[in-house]
């Protein structure tokens, strides 16, 4: 079934602060994958790039944070935009609390607790992980 789709390795960062809140970001409605939905920072792994390097790069590019204490928490596979995505998920912490600097393709951010999840619309795989981590 997946033979006709190019494979893309991706990473996501569930960044949890000292107050137990996780950072979420809102994608632009113009994005190809999950337009207008809330999600967590992440993106594609470049060829030959170590996974943790991709994770830290994507977080810095999207929200301007540096992260530490990476813990692999699972993976998901899905098809989107004609590609087969293999996403590796990590729980991590900000190194220090810094000001969030959103990349242009993002519209907003929030630090949330479990009770806040109902206020946002997430891709189902991200929502399930958030519920298990908060």
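Numbering (full-length UniProt numbering), first residue to last: 1 to 134.
All residues carry an ideal CB built from backbone N, CA and C; glycine is no exception.
Closest residue to residue 117 among 67, 24, 102, 10 (Cα-Cα distance) | Ranked by how close their Cα comes to the Cα of residue 117, the residues 67, 24, 102, 10 have 24 in first place.
Residue 56 CB to nearest chain D CB: under 7 Å?
-> Of the protein chains in the structure, only one exists, and it is not chain D.
Take residue 99 and list the residues in its own chain whose beta-carbon comes closer than 6 Å to its own, dropping the five residues that flank it on each side.
-> none
Hey, which unbroken runs of the beta strand (DSSP E) at 3 residues or more fall wholly within the UniProt domain "Nudix hydrolase" (6-134)?
-> Qualifying beta strand (DSSP E) stretches, in chain order: 7-15, 22-27, 42-44, 67-80, 83-94, 106-112.
Can you tell me which of 70, 104, 82, 21 puts its alpha carbon nearest to the alpha carbon of residue 12?
-> 70
Per-residue burial, residue 96 [other beta carbons within 10 Å of its own, 16 or more giving buried] = The residue is exposed, with fewer than 16 neighbouring Cβ atoms inside 10 Å.
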